[in-house]
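Asks: Below you will find the structure I want to go over with you.
Protein chains in written order, with my numbering: chain H, 2 to 791; chain F, 6 to 130.
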């Protein structure tokens with residue numbers, strides 16, 4: 002932030018209370034305390050192989066260190082809630098006037114806070130899992146402590162507890178009465194719930210990395226699978242929920258009418274989800290058949306490593322040109338730690354895998370001979386491959402700006418259409434496998450037998466796809482209205498949209514029907530694996546919603562002025578009024594009437610308010626969504642246009658000029674003769690617009706508060722406003738304003754968005770169901786190594 | 006023998022798919038271009054990054070067409086024309102990425118990505 006240094010801006014500012022300085026100090030110190038205990042714990046765990054007594058102390062310091070990470074979080078929270086704006090981070094992201102929930106969310110709205118959130122989530126899972134890490138504890142603890150310690154190291158440099166630059170005056174700490182406040186575009190309930198959810202998922206990824214490393218070090222590739230199975234299901238469910246929340250957040254607030262934009266920050270969270278889904282299926286195979294132990298060791302580390310890589314990529318500034326999430330440049334030391342951390346983890350993990358994965362797996366896991374032909378294991382192999390490849394492809398896509406730049410030039414960016422074009426080739430086999438594999442048995446089965454089992458599901462899916470399109474046939478966004486729509490194909494040409502959507506919808510139905518079918522079958526038998534199939538169903542519903550709402554979307558842009566209705570899609574849109582206490586009221590709405598061809602109307606009320614940032618007046622707009630089960634009408638409002646010209650234009654006396662199709666002739670300067678307060682200066686002008694030629698005399702008046710311009714109507718369309726008059730040359734700055742502001746709107750039809758919400762719900766419930774079913778029961782014997790149906 | 010067949014097929018499929026993806030990204034990714042490169046290119050999703058020349062910003066009120074000059078990193082200038090709603094924070098923006106194509110020596114933009122340093126977070130001192 003820029004501050005005015007000419008005068009003492011803090012002359013009348015109160016002093017910060019002593020407690021607040023203690024809290025800030027405590028937060029800073031706690032990071033170092035945590036770091037010290039975690040390093041100690043790591044070392045003690047490491048030597049506890051030789052000195053068994055050390056393990057107990059190591060665990061104690063692990064717990065102390067992990068708990069200490071919550072102290073800075075609590076301190077920062079307290080500083081936000083109590084408006085302690087002497088701290089730069091609180092000043093930049095907090096505001097005394099915002100609601101409590103945004104004060105709380107202030108903690109994680111920026112870089113330092115999101116690292117803190119990551120560290121807290123990680124330490125939470127560290128605390129939850131260290132006790133159950135059994136035979137692996139020594140290495141599991143070392144790895145976990147190392148990772149948490151590195152996060153503390155980053156936090157030590159990326160500290161949210163730095164005081165504002167100028168608040169320390171003559172040995173006293175001043176307290177600015179107000180902060181800048183959270184960026185208004187973030188102020189929405191999602192900012193309160195989405196970041197904690199998704200970071201909880203990111204934090205949990207550490208578990209699988211640490212276990213995979215420990216399994217290789219301890220030469221036991223068997224038990225870690227049992228240990229982390231329930232956590233893997235919880236993690237996948239939380240990550241999936243967090244991802245969906247992010248999409249819904251973007252949809253409800255960003256105004257571009259979609260859920261997913263393939264932004265690097267979105268991709269960074271999608272890749273670990275895909276890899277976790279792959280890992281979970283690998284765990285199933287190892288559990289049932291004792292196979293794939295080596296590949297599971299490798300897969301265990303990948304979700305975490307992909308997240309660290311993505312974090313580095315997005316925070317390093319390498320993608321600045323591409324991402325809408327422009328993060329502040331990171332502290333150089335902190336970035337150095339992150340880079341070193343990433344390189345060390347990746348190189349170390351690869352080396353360990355090359356050295357140990359295969360041999361440990363062969364030595365410790367008894368595998369059942371593989372079946373031939375079509376069987377569940379092979380289906381899972383291809384499924385895992387497709388999921389991992391999809392993760393890899395997206396990781397390459399998000400890194401493409403960097404990869405392309407390395408090849409020379411300024412780089413290049415993979416856009417939405419290209420992602421879709423590439424991803425679909427992985428999506429099709431993935432969905433076919435999800436539809437068919439649940440009916441494939443572990444024992445070899447013939448193609449005929451498989452077809453016999455899925456014939457019903459296939460024909461049902463085809464029928465339902467047909468019904469879907471018949472249901473969506475007519476109407477303003479229906480199949481008929483898309484007769485001409487096309488999508489790009491890989492050969493550089495286009496394909497008609499509807500057949501492509503038809504194939505994709507069939508795939509979604511196939512997975513949904515199979516998921517539902519198997520879930521019901523297993524529920525009748527009270528089997529534990531119901532949750533997995535419920536998740537498949539939820540996934541299909543969610544993806545179906547995303548595909549239909551984007552694929553069959555219709556949009557049109559329009560400009561509406563009070564008294565001049567305009568058309569958008571099928572509607573005639575007229576501006577009704579502004580609603581709210583005043584223009585600064587955060588609940589202010591612009592009310593538009595939408596009238597369809599049948600004469601039915603509804604009011605759309607997108608949010609619109611103004612706020613000051615420094616000297617400038619800024620506009621915040623929120624889209625309006627009218628939801629129904631079949632479609633949303635999505636109304637994105639953009640900041641109203643009041644200025645006709647981008648900036649004031651300067652005219653000299655006698656000058657005649659046409660700017661943006663409006664001709665202005667400056668006839669002569671005028672003045673009312675007096676000087677000082679009450680003096681008026683004006684400019685006689687002849688202004689020709691689309692509606693006619695007008696002789697006007699815009700003026701400015703000297704008042705006690707300074708020079709005030711007077712609004713002078715030009716016909717019924719514009720106001721002329723004088724900005725400045727040069728005393729010597731009598732040149733004036735002229736500004737033209739609309740008498741009635743112009744409201745730019747973008748109106749969308751988004752079919753079947755309801756499925757996105759429903760799908761998210763089913764996916765999450767299914768995930769939590771399976772996690773609950775697979776929770777560790779300490780009394781039970783390990784899972785049998787025999788081919789059983791799941 | 007059959008035991009090794011699965012992994013073998015997997016490997017071949019994976020390698021083929023990955024090469025196809027790299028080719029797709031190489032040919033399909035939208036390049037960031039200089040003005041010189043843009044003029045030599047026929048792409049329709051060129052990403053032209055540069056500084057806005059503030060004094061040249063014009064806004065046609067009747068057609069809602071925005072035009073301004075952009076100076077790229079080589080110091081070249083070109084006129085950018087953009088039809089449609091203009092980015093909310095154009096007035097405070099200094100840098101812009103215009104997405105579009107060259108037409109009649111002008112850059113026809115279909116999308117403007119405005120970079121404001123203060124949008125999400127203040128610059129670090």
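Glycine included, C-beta positions come from ideal geometry on N, C-alpha and C.
Bear in mind that the values here come from a model prediction, so they are computed numbers and not experimental data.
Can you tell me the Cβ-Cβ gap for residue 120 of chain H and residue 70 of chain H, rounded? I've got them flagged as a contact below 8 Å.
Replies: 5 Å
Asks: Which runs of the alpha helix (DSSP H) at least 4 residues long sit entirely within the stretch 698-723 of chain H? Give them in chain order.
Replies: none
Asks: Strictly below 7 Å CB to CB, what residues from chain H border residue 17 of chain F?
Replies: Those within 7 Å of residue 17 of chain F in chain H number zero; the least Cβ separation is about 11 Å.
Asks: Which same chain residues end up closer than 8 Å to residue 586 of chain H when comparing Cβ atoms and leaving out the 5 residues on each side of it in sequence?
Replies: 610
Asks: Of all Cβ atoms in chain F, is any one closer than 8 Å to the Cβ of residue 257 of chain H?
Replies: no
Asks: Using only CA atoms, which one of H:702, H:707, H:664, H:772 lies nearest to residue 675 of chain H?
Replies: H:702
Asks: Looking at the unbroken alpha helix (DSSP H) that takes in residue 115 of chain H, where does it start and where does it end?
Replies: 112-131
Asks: With a cut-off of 8 Å on the beta carbons, I'd call residue 387 of chain H and residue 427 of chain H a contact; round off their distance for me.
Replies: 5 Å
Asks: Within this structure, are the beta carbons of residue 732 of chain H and residue 652 of chain H separated by less than 8 Å?
Replies: yes
Asks: Spell out the partners DSSP gives residue 659 of chain H in its beta bridges.
Replies: H:664
Asks: Assess contact between the stretch 37-53 of chain F and the stretch 411-429 of chain H, defined as three or more Cβ pairs (one per stretch) separated by less than 8 Å. Is contact present?
Replies: yes
Asks: Any residues in the stretch 392-403 of chain H with a beta carbon nearer than 9 Å to a beta carbon of chain F? Which ones, in chain order?
Replies: Near chain F, meaning a CB-to-CB distance below 9 Å, the residues of the stretch 392-403 of chain H are 393, 394, 397, 398, 401, 402.
Asks: DSSP three-state label for residue 790 of chain H, please.
Replies: Caution is warranted here: a pLDDT of 44 is assigned to residue 790 of chain H, below 50, making its placement in the model unreliable, and the coordinate value is therefore given only provisionally. It is coil, neither helix nor strand.
Asks: Establish whether the CB of residue 81 of chain H and some CB of chain F are separated by less than 8 Å.
Replies: No, because no Cβ of chain F sits closer than 8 Å to the Cβ of residue 81 of chain H.
Asks: Nearest chain H C-beta to residue 69 of chain F closer than 8 Å, yes or no?
Replies: yes
Asks: My parser needs the beta strand (DSSP E) runs of 3 or more residues fully inside the stretch 623-650 of chain H; what are they?
Replies: Within the stretch 623-650 of chain H, the beta strand (DSSP E) runs of at least 3 residues that lie entirely inside it are, in chain order, 625-628, 632-638, 642-644.
Asks: Return helix, strand or coil for residue 415 of chain H, following the three-state DSSP convention.
Replies: coil
Asks: Where does residue 368 of chain H sit, in a helix, a strand or coil, going by DSSP?
Replies: coil
Asks: Could you check if residue 692 of chain H is buried or exposed, using at least 16 other CB atoms within 10 Å of its CB as the buried criterion?
Replies: exposed
Asks: Could you tell me the alpha carbon to alpha carbon distance between residue 772 of chain H and residue 92 of chain F, rounded to whole angstroms?
Replies: 45 Å
Asks: If we ignore side chains and look at the alpha-carbon of each, how far apart do residue 782 of chain H and residue 627 of chain H end up?
Replies: Note on residue 782 of chain H: pLDDT 43, under 50, position unreliable in the model; the coordinate value appears next. Spanning the two alpha carbons is a distance of roughly 54 Å.
Asks: Using 8 Å as the Cβ pair cut-off and three pairs as the minimum, do the stretch 479-497 of chain H and the stretch 564-579 of chain H touch?
Replies: Short answer: they don't touch.
Asks: Could you tell me the distance, in whole angstroms, from the CA atom of residue 60 of chain F to the CA atom of residue 648 of chain H?
Replies: Taking C-alpha positions only, residue 60 of chain F is separated from residue 648 of chain H by approximately 8 Å.
Asks: Just confirm the distance between the C-beta atoms of residue 247 of chain H and residue 267 of chain H, as a whole number of angstroms; I'd bet it's less than 8 Å.
Replies: That pair is a contact at about 7 Å.
Asks: DSSP three-state call for residue 776 of chain H: helix, strand or coil?
Replies: Correct three-state label for residue 776 of chain H: coil.
Asks: Whole-angstrom Cβ separation of residue 751 of chain H and residue 633 of chain H, contact assumed at under 8 Å?
Replies: 4 Å
Asks: Against residue 422 of chain H, what residues of chain F qualify as contacts under a CB-to-CB distance less than 9 Å, listed in chain order?
Replies: 29, 33
Asks: Are the CB atoms of residue 641 of chain H and residue 566 of chain H within a distance shorter than 8 Å?
Replies: no
Asks: Thinking just about the alpha-carbon of each residue, which of H:177, H:123, H:230, H:296 is nearest to the one in residue 12 of chain F?
Replies: H:296
Asks: Could you work out which residues of chain H lie near residue 65 of chain F, taking near to mean beta carbons separated by less than 9 Å?
Replies: Residues of chain H passing the Cβ test: 661, 662.
Asks: If you draw a straight line from the C-alpha of residue 63 of chain F to the C-alpha of residue 661 of chain H, how long is it?
Replies: The straight-line gap from Cα to Cα measures roughly 7 Å.
Asks: For residue 50 of chain F, which residues in chain H fall below 8 Å Cβ to Cβ?
Replies: 416
Asks: By DSSP, does residue 145 of chain H sit in helix, in strand, or in coil?
Replies: helix
Asks: State yes or no: is the C-beta of residue 301 of chain H within less than 8 Å of the C-beta of residue 210 of chain H?
Replies: yes
Asks: Looking at chain F, which residues of the stretch 625-648 of chain H have a Cβ within less than 7 Å of any of its Cβ atoms?
Replies: 639, 640, 645, 646, 647, 648
Asks: If you measure from the beta carbon of residue 411 of chain H to each beta carbon in chain F, is any gap under 8 Å?
Replies: yes
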